[in-house]
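Novice: There's a structure below that I have some questions on.
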Amino acid sequence: MKERRPYPSYGLAMSSLCAIAGLAFALSGCETGGTTMPEVASEEEGPPFGGQASVNYADSLWQAMNNARLVGPDAVQTVPYQGQEPHGAVLETLYGEVSVGGIAGVAGHEGQVIVKRNYMGEDITNAKVAKDRDRYLASVTVMFKREPGYDPEHNDWFWVKYEPDGSVASDEQGMKLAGRVAKGQDEGCIACHSEQKDNDYQYNKSDFINE
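Here's what the structure looks like:
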């Protein structure tokens, strides 16, 4: 998830997502549709990102977001807007709260989540994406506020890039992009968002030029 330019903030009205997030919180700790959420492995040891524990957590996070209709085939739709690298040429951004864990003896955690859908394609426009999102969806990038102490240096954000089907994406070296992505490096999620450290590592839409 190579980061070089601002990450805009734009999404649904918070009132509508509060109701959705409440449903997600109620469902995340149990079986839904006969499918149990994956167990979250311990991350006390291992690499900053890309390890199996981080990938397992990302899998659980995806299911929680799917329950909240932030991702997946039944996801809430917003108005697409023009994007730029390292994200899509057209973007949608959603905000909410979801709960991850609380199963198989793992303590649950409820936190803020920012979901960005990245759309790419030849001659892509906002209108084309609005008519056929599945055709143009290239990836989904997510920031999830973890429990205190996860990464206090960077406000405890968990970073992950997903393929459209919800599997965790990999970089060119085959490293899974989940966890404290590119921590300590000059480029990547944390490096780019560090420019907005005073705003909880979040870019606002006013920082985004090509609306």
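Quick note, the sequence shown lines up with residues -26 to -1, 1 to 185 if you use mature numbering (1 follows the signal peptide of the UniProt record, and there is no 0).
All residues carry an ideal CB built from backbone N, CA and C; glycine is no exception.
Leaving aside the five residues before and after Gly8 along the sequence, list all residues of the same chain whose C-beta is less than 7 Å from its C-beta, in chain order.
Specialist: What you label residue 8 is simply residue 34 of the sequence shown in a count that begins at 1. In this predicted model, Gly8 has a pLDDT of only 45, less than 50, meaning its place in the structure is not dependable; the value taken from the coordinates is given anyway. Result list for Gly8: empty, nothing under 7 Å.
Novice: Quick check: what's the CA-CA separation for Tyr177 versus Leu111?
Specialist: Numbered from its first residue, the sequence shown carries residue 177 at position 203. Numbered from its first residue, the sequence shown carries residue 111 at position 137. If you take the alpha carbons of Tyr177 and Leu111, they lie about 22 Å apart.
Novice: Excluding five sequence neighbours on each side, which residues of the same chain lie with their C-beta closer than 6 Å to the C-beta of Gly95?
Specialist: Taking the sequence shown and counting its residues from 1, the one referred to as residue 95 is at position 121. Tyr110.
Novice: Between the Cα of Lys90 and those of Trp133, Asp97, Lys105 and Glu127, spot the shortest distance and give me the residue it belongs to.
Specialist: For the purposes of this step, residue 90 is taken as residue 116 along the sequence shown, with counting starting at 1. The option with the nearest alpha carbon to Lys90 is Trp133.
Novice: Between the C-alpha atoms of Leu68 and Thr99, what's the straight-line distance to the nearest angstrom?
Specialist: As a first step, residue 68 is located in the sequence shown; it is residue number 94 there, counting from the start. As a first step, residue 99 is located in the sequence shown; it is residue number 125 there, counting from the start. Cα to Cα, Leu68 sits roughly 19 Å from Thr99.
Novice: The alpha helix (DSSP H) with Ala27 in it runs from where to where?
Specialist: Here the question's residue 27 lines up with position 53 in the sequence shown. Ala27 -> alpha helix (DSSP H) spans Gln26 to Asn41.
Novice: Note down, in chain order, each residue of its chain lying with its Cβ closer than 7 Å to the Cβ of Ala101, except the 5 sequence neighbours on either side.
Specialist: For the purposes of this step, residue 101 is identified with residue 127 of the sequence shown, where counting begins at 1. Taken in chain order, the list of residues that qualify is empty.
Novice: Return helix, strand or coil for Arg154, following the three-state DSSP convention.
Specialist: Counted from its first residue, the sequence shown places residue 154 at position 180. In this structure, Arg154 counts as coil in the three-state DSSP scheme.
Novice: Nearest to His128 by CA position, among Val155, Glu66 and Val50, is which residue?
Specialist: Locating residue 128 in the sequence shown gives position 154, where the first residue counts as 1. Checked all of Val155, Glu66 and Val50; the closest Cα to His128 is Val155.
Novice: Identify every residue that forms a DSSP beta bridge with Arg107.
Specialist: Your numbering for residue 107 matches position 133 in the sequence shown. For Arg107, which the question treats as bridged, DSSP gives no partner whatsoever.
Novice: Just confirm the distance between the C-beta atoms of Ala49 and Gly57, as a whole number of angstroms; I'd bet it's less than 8 Å.
Specialist: The sequence position of residue 49 within the sequence shown is 75, counting from 1. The sequence position of residue 57 within the sequence shown is 83, counting from 1. Between Gly57 and Ala49 the Cβ distance is about 17 Å, and since that is not below 8 Å, they are no contact.
Novice: Tell me whether Asn129 sits in a helix, a strand or coil according to DSSP, three-state version.
Specialist: For this step, residue 129 is matched to residue 155 along the sequence shown. Coil at Asn129, not helix or strand.
Novice: Could you spell out the range, first to last residue, of the beta strand (DSSP E) harbouring Thr67?
Specialist: The residue you call residue 67 lines up with position 93 of the sequence shown. Taken as a continuous stretch (DSSP letters only), the beta strand (DSSP E) holding Thr67 covers Val64 to Val74.
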